[in-house]
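A.B. asks:
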Amino acid sequence: MIGINVGEYRIVEKVGQGGMGSVYKAVHTTLEQIVAIKVLSSEFSDNPSMRSRFINEARIQAKFKHPNVVNVLNFFEIDEKAFLVMEFIEGETLEKILQRKGKLQIEEALDISYSVLNALVFMHSKGVIHRDVKPANIMFTRDNVVKVADFGIAKSVNEKTKHTKTGLLGSVMYLTPEQILGEQTSAATDVYSFGITLYKMLTGRTPFSNKTEFEIMKSHLEEDPTSPNEYNDYISKSLNKVILKSIAKDPKDRFSSASEFSQKLRSSKKENFRLDINMPDLAPIFDSFGLFIKRNMKKFIILFIIIIVIAMYKFFPNLSLIYLSIKEYFIKLYLEIFFG
Ligand SMILES: Nc1ncnc2c1ncn2[C@@H]1O[C@H](COP(=O)(O)OP(=O)(O)O)[C@@H](O)[C@H]1O
Ligand SMILES: [Mg+2]
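Structure below.
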């Protein structure tokens, strides 16, 4: 594909591979605009219902623009291959960042969350459910602007192929109980998948992992997730509660909307610092001081004991005499017991 022209674009390089097909960096031959082109696999063109659903979703995405949503710019078909043209996102995906860093700082994870949830609130208000929220679909521009990709698209194409495709294990981690059961999806579906994404950002792991695809799906349906604060001390009780609520098994037990999820995250942050909202600048200082003490507790206890011992010797010099007489008593006792 590299170097060849498709329609008005010249393919420059391959940038990724997903369940639906390959993604290429391309350049418009006259305007020189850099774009990303997703080339859809032949399975797609062979299946008329998949094809029409996909085109419908692409149409919706092209219609609604939001600063935190990857723009769809064009769509065309050549020789039974379909090409979806999107704005090219220069930076990394959240998946790559997590692979590199393990987990993120609370502040950083919350900032990303607000942007992703803004995108979800906007698209939900237009009646579009993402259905495949996961770190691989959250990207960052060079200026660190969050862009959510594949709104409504991935799952409309993948639904029937998800068990035969390789590399879908990544998606299974973020799959919702209602999708596993083949039930109706709603805004709460994206709340769950983003809840798992947030869990991963804060703990470096998904709640149900290291198992087979079947076991992961079973866990989504039946297993209670481990509280995220067991993997990360920095997660406050209120933040922990918000995460657990977002990944409740029953969609009715989750936040009813992405905006409620976002609001609860914001208020959990305030509780996290446990300080008056009038002094927000001091809050992080107090918070990190508290964490510093917590992390170095053992050292503080040892230091405290040393200070107490030194103070006792300094202020009660007679203490050394008491110590010596106790020692003498024990030596006597020892001699009596063993040598009569
Ligand atoms: N608009 C884009 N700009 C730059 N890179 C992209 C874009 N869309 C997708 N990619 C890259 O291609 C990879 C595959 O994308 P995709 O086919 O959507 O599969 P998935 O989302 O399952 O990883 C992504 O992980 C990302 O690295
Ligand atoms: Mg994607």
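Note that the sequence shown ends on residue 333 in my numbering; no numbers are left out.
From the three backbone atoms N, C-alpha and C, an ideal C-beta is built for every residue, glycine too.
Being a predicted model, the structure only gives us computed values, none of them experimental.
Under DSSP, the alpha helix (DSSP H) around S15 begins and ends at which residues?
C.D. replies: The residue given as residue 15 occupies position 22 in the sequence shown. Looking at the DSSP string, S15 is not in any alpha helix (DSSP H); the run it does join, the beta strand (DSSP E), is 14 to 21.
A.B. asks: Fully enclosed by the segment 34 to 105, which beta strand (DSSP E) runs are 3 residues long or longer?
C.D. replies: Taking only runs of at least 3 residues, the beta strand (DSSP E) segments lying wholly in the segment 34 to 105 are 65 to 71, 74 to 80.
A.B. asks: In chain order, which continuous runs of the alpha helix (DSSP H) of length 4 or greater are located wholly inside the segment 177 to 263?
C.D. replies: Entirely contained in the segment 177 to 263, the alpha helix (DSSP H) runs reaching 4 residues are, in chain order, 180 to 196, 206 to 215, 230 to 239.
A.B. asks: Look up G9 in the DSSP assignment and give the residues it is bridged to.
C.D. replies: By 1-based counting over the sequence shown, the position of residue 9 is 16. DSSP, once it has assigned bridges, lists V16 as partnering G9.
A.B. asks: Helix, strand or coil: which one does DSSP assign to R124?
C.D. replies: Along the sequence shown, one-based indexing puts residue 124 at 131. DSSP places R124 in coil when its eight states are reduced to three.
A.B. asks: Can you check whether the CB of N64 is closer than 9 Å to the CB of K58?
C.D. replies: Numbered from 1 along the sequence shown, position 65 holds the residue referred to as residue 58. Numbered from 1 along the sequence shown, position 71 holds the residue referred to as residue 64. In this structure, N64 lies closer than 9 Å to K58 by Cβ.
A.B. asks: Please go through the same chain and pick out, in chain order, the residues whose beta-carbon is closer than 8 Å to the beta-carbon of H117, but skip the five residues on each side of it.
C.D. replies: Start at 1 with the first residue of the sequence shown, and residue 117 comes out as number 124. A180, D183, S250, A251, listed in sequence order.
A.B. asks: If we ignore side chains and look at the alpha-carbon of each, how far apart do M43 and Q172 end up?
C.D. replies: Looking up residue 43 in the sequence shown gives position 50. Looking up residue 172 in the sequence shown gives position 179. Whole-angstrom Cα-Cα distance: 17 Å.
A.B. asks: Return yes when the C-beta of K193 is under 8 Å from any heavy atom of ligand 1, and no when it is not.
C.D. replies: Here residue 193 corresponds to residue number 200 of the sequence shown, with the count starting at 1. Result no, Cβ not under 8 Å from ligand 1.
A.B. asks: Going by Cα to Cα distance, which pick from A102, K245, F81, I27 is closest to S255?
C.D. replies: To locate residue 255, count along the sequence shown from 1; it is residue 262. Nearest C-alpha to S255: A102.
A.B. asks: Could you check the C-alpha separation between I270 and F282 for me, to the nearest Å?
C.D. replies: Counting from one through the sequence shown, the residue named residue 270 turns up at place 277. Counting from one through the sequence shown, the residue named residue 282 turns up at place 289. At I270 the pLDDT is 41, less than 50, meaning the model places this residue with poor confidence; the figure from the coordinates comes in the next sentence. When rounded, the distance between both Cα atoms is 18 Å.
A.B. asks: Return yes when at least one heavy atom of ligand 1 lies under 8 Å from the C-beta of F133, else no.
C.D. replies: Along the sequence shown, read from residue 1 onward, the residue named residue 133 stands at position 140. Result no, Cβ not under 8 Å from ligand 1.
A.B. asks: To the nearest angstrom, report how far apart K230 and Y316 are at their CA atoms.
C.D. replies: One-based indexing of the sequence shown puts residue 230 at position 237. One-based indexing of the sequence shown puts residue 316 at position 323. Rounded to whole angstroms, K230 to Y316 spans 47 Å at the Cα level.
A.B. asks: Whether or not the segment 25 to 44 and the segment -4 to 9 are in contact is what I'm after, with contact meaning three or more pairs of Cβ atoms, one per stretch, closer than 8 Å; do they touch?
C.D. replies: Short answer: they touch.
A.B. asks: Rounded to whole angstroms, what's the CA-CA distance from D125 to H21? Just pull it up for me.
C.D. replies: Locating residue 125 in the sequence shown gives position 132, counting from the first residue. Locating residue 21 in the sequence shown gives position 28, counting from the first residue. Cα-Cα distance, rounded: 29 Å.
A.B. asks: Beta strand (DSSP E) containing F133: first to last residue?
C.D. replies: Residue 133 sits at position 140 when you count from the first residue of the sequence shown. F133 -> beta strand (DSSP E) spans 131 to 133.
A.B. asks: Just grab the DSSP bridge partners of K307 for me.
C.D. replies: Position 314 of the sequence shown, counted from the first residue, corresponds to residue 307. Note: K307 sits in no beta bridge, so no partner.
A.B. asks: Can you find at least 3 beta carbon pairs, one from the segment 108 to 115 and one from the segment 67 to 80, that sit closer than 8 Å?
C.D. replies: Touching, no.
A.B. asks: Excluding sequence positions up to five away, which residues of its chain have a Cβ less than 7 Å from the Cβ of T178?
C.D. replies: As a first step, residue 178 is located in the sequence shown; it is residue number 185 there, counting from the start. Same-chain partners within the cutoff: I122, R124, E171, Q172.
A.B. asks: What is the C-beta distance between K193 and L284, in whole angstroms, given that I count them as a contact (C-beta under 8 Å)?
C.D. replies: Position 200 of the sequence shown, counted from the first residue, corresponds to residue 193. Position 291 of the sequence shown, counted from the first residue, corresponds to residue 284. Not confirmed; about 22 Å, so no contact.
A.B. asks: Looking only at its own chain, which residues have a Cβ that is under 6 Å from the Cβ of E208, when we skip the five neighbours before and after it?
C.D. replies: Residue numbering aside, residue 208 sits at position 215 when the sequence shown is read from its first letter. Same-chain partners within the cutoff: there are none.
A.B. asks: Which same chain residues end up closer than 6 Å to N225 when comparing Cβ atoms and leaving out the 5 residues on each side of it in sequence?
C.D. replies: As a working mapping, residue 225 is identified with position 232 in the sequence shown. Excluding residues within five positions, the ones whose Cβ falls inside 6 Å are L195, T196.
A.B. asks: Per the contact definition of three or more C-beta pairs closer than 8 Å, is the segment 137 to 145 in contact with the segment 79 to 88?
C.D. replies: With the cut-off at 8 Å, the segment 79 to 88 and the segment 137 to 145 touch.
A.B. asks: Output the boundary residues of the beta strand (DSSP E) element that contains K140.
C.D. replies: The residue labelled residue 140 in the question sits at position 147 within the sequence shown. Its beta strand (DSSP E) spans residues 139 to 141.
A.B. asks: Expressed to the nearest angstrom, what Euclidean distance is found between the alpha-carbon atoms of F309 and K292?
C.D. replies: Residue mapping note: residue 309 aligns to position 316 of the sequence shown, counting from 1. Residue mapping note: residue 292 aligns to position 299 of the sequence shown, counting from 1. So the alpha carbons of these two residues sit roughly 25 Å apart.
A.B. asks: What is the DSSP secondary structure of Y2, reduced to helix, strand or coil?
C.D. replies: Sequence index remark: in the sequence shown, residue 2 carries index 9 (1-based). Y2: strand per DSSP, three-state reduction.
A.B. asks: Determine which residues share a DSSP beta bridge with V165 and list them.
C.D. replies: Numbered from its first residue, the sequence shown carries residue 165 at position 172. The partner list for V165 (beta bridge, DSSP) is empty, contrary to what the question assumes.
A.B. asks: Count the other CB atoms, across all protein chains shown, that sit within 10 Å of the CB of L261; report buried if there are 16 or more and exposed otherwise.
C.D. replies: The residue labelled residue 261 in the question sits at position 268 within the sequence shown. Here residue 261 is Ser; the residue named in the question, Leu, does not match the sequence. So S261 counts as buried.
A.B. asks: Taking all protein chains shown into account, decide if I228 is buried (16 or more other Cβ within 10 angstroms of its Cβ) or exposed.
C.D. replies: Against the sequence shown, residue 228 aligns to sequence position 235. It is buried - the Cβ of I228 has at least 16 other Cβ atoms within 10 Å.
A.B. asks: Among residues of its own chain, excluding the 5 on either side of G188, which ones have a beta-carbon nearer than 7 Å to its beta-carbon?
C.D. replies: Mapped onto the sequence shown, residue 188 falls at position 195. Once the five neighbours on either side are set aside, the close Cβ partners of G188 are I236, S239, I240.
A.B. asks: If you compare alpha carbons, which of S186, G175, F144, L174 is closest to S164?
C.D. replies: Here residue 164 refers to the residue found at position 171 when the sequence shown is read from its first residue. Selected option, being the one with the closest Cα: S186.
A.B. asks: When the Cα atoms are used, what is the spatial distance from T154 to F144?
C.D. replies: For the purposes of this step, residue 154 is identified with residue 161 of the sequence shown, where counting begins at 1. For the purposes of this step, residue 144 is identified with residue 151 of the sequence shown, where counting begins at 1. Confidence at T154 is low in this model, with a pLDDT of 40, below 50, so the placement of that residue is unreliable and no value is reported for it.
A.B. asks: Taking Cβ positions, are I131 and T86 nearer each other than 9 Å?
C.D. replies: Translated into the one-based positions of the sequence shown, residue 131 becomes position 138. Translated into the one-based positions of the sequence shown, residue 86 becomes position 93. Result yes, Cβ atoms of I131 and T86 sit closer than 9 Å.
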